[in-house]
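Be aware that the sequence shown starts at 2, since it is given in my numbering, and climbs by one per residue.
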Amino acid sequence: MSNCWISYSCILWLSIVFNLHVSATTRFYDFKVQTMRITKMCKSKQIVSINQMFPGPVIYAQEDDQIIVKVTNETPYNTTLHWHGVRQKLSCWYDGPSYITQCPILSGQKFVYKFTLEKQKGTLFWHAHVSWLRGTVYGAIVVYPKMGIPSPFRNPYKEQIILLGEYWHKDVVQLEHEALESGGAPTPADAFTINGHPGPNYKCSSNNGNKNAKKLGKKICALYNVGFVVKLIKS
């Protein structure tokens, strides 16, 4: 009888471990911190980005997934990444604030972030956490419920990630230095953006890809008018 009970316990334990293993996935992302040249409102400048994307790549996952992000810094600036909204249970050293939970990732160096989205679902946000690099280094984290678990909201007609940001013609690192030296308020942004695009009321905005912003604006209005939930993330 005791042997039977031991065998049953072992089978039950293995079943639980196996179910936990198959229900969660490890997702790998390769982030390269790079400079790129962009043109907004008839002016060009060099910005810091992830994988030559502005905004940066979206991290997609399911609840309880483990996320592994290898970051390679190919710019002359120190950097870290902060995973805004991630609870970081037993992984606070991967939270990202420079000089608090980690040293900055120096130019030419690499760092690997590892964390689990334990009991989390929804739309979160990641961004740089050194100086004002977060002005162009940011992106979304989309965490879906586990398979078979219904969403707490009605099924949307369409999903659209919306990132609201600010944009300066000047280099953001230079702007930060000027603000610190003067002791005054930072320079106001030259434009507000939707997914990296200025709105249609800014100079030259119709010539630099803002048709997408206009279409997105119409989608927002349409979704609002028919009562759908729209998630907004501000950078």
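A virtual CB, placed ideally from N, CA and C, is assigned to each residue, including glycine.
| request: Any chance you could list the beta strand (DSSP E) runs of at least 3 consecutive residues sitting entirely within the segment 132 to 211, in chain order? | output: 139 to 145, 163 to 168, 192 to 195
| message | I need the boundaries of the beta strand (DSSP E) containing VAL72, first residue and last residue. | response | 67 to 74
| Should the segment 45 to 63 be regarded as contacting the segment 135 to 143, the criterion being three or more beta carbon pairs within less than 8 Å? | Contact holds between the segment 45 to 63 and the segment 135 to 143, because three or more Cβ pairs, one in each stretch, are under 8 Å apart.
| task | Mind checking which residues open and close the beta strand (DSSP E) that includes LEU125? | result | 123 to 129
| TYR61 (DSSP reduced to helix, strand or coil) | strand
| message | Determine whether the beta carbon atoms of LYS71 and PHE112 lie at a separation below 9 Å. | response | yes
| With burial defined as no fewer than 16 other Cβ atoms inside 10 Å of the residue's Cβ, what is the status of TYR203: buried or exposed? | Buried is the call here.
| Out of curiosity, what's the CA-to-CA distance linking GLY97 and PRO201? | So the alpha carbons of these two residues sit roughly 35 Å apart.
| CA-to-CA distance, GLN175 to ALA190, given in whole angstroms | 14 Å
| message | For a quick check, are the C-beta atoms of PHE126 and GLY166 less than 9 Å apart? | response | no
| What do you get for LEU1, buried or exposed, if any count of 16 or more other CB atoms within 10 angstroms of its CB means buried? | With the chain covering 2 to 236 only, the question about residue 1 has no answer from this structure.
| said: Measuring straight from C-alpha to C-alpha, what distance separates PHE19 and THR26? | reply: Any reading at PHE19 needs caution, since the residue's pLDDT is 43, under 50, leaving its predicted position unreliable; the model's value is listed next. Taking the straight line from one Cα to the other gives about 12 Å.
| field | For TYR100, three-class secondary structure by DSSP | value | coil
| Between SER319 and the rest of its own chain, which residues show a CB-CB distance below 6 Å, the 5 nearest in sequence each way excluded? | Residue numbering for the chain in the displayed model covers 2 to 236; residue 319 lies beyond these limits and cannot be assessed.
| said: Give me, in chain order, the residues of the same chain whose beta-carbon lies closer than 6 Å to that of ILE162; leave out the 5 immediate sequence neighbours on both sides. | reply: ALA141
| message | Quick check: the segment 100 to 111 against the segment 74 to 90, are at least 3 beta-carbon pairs closer than 8 Å? | response | yes
| Which of the three DSSP states, helix, strand or coil, is assigned to TYR95? | helix
| query | Opposite SER108 in the DSSP bridges: which residues? | reply | DSSP, once it has assigned bridges, lists no residue as partnering SER108.
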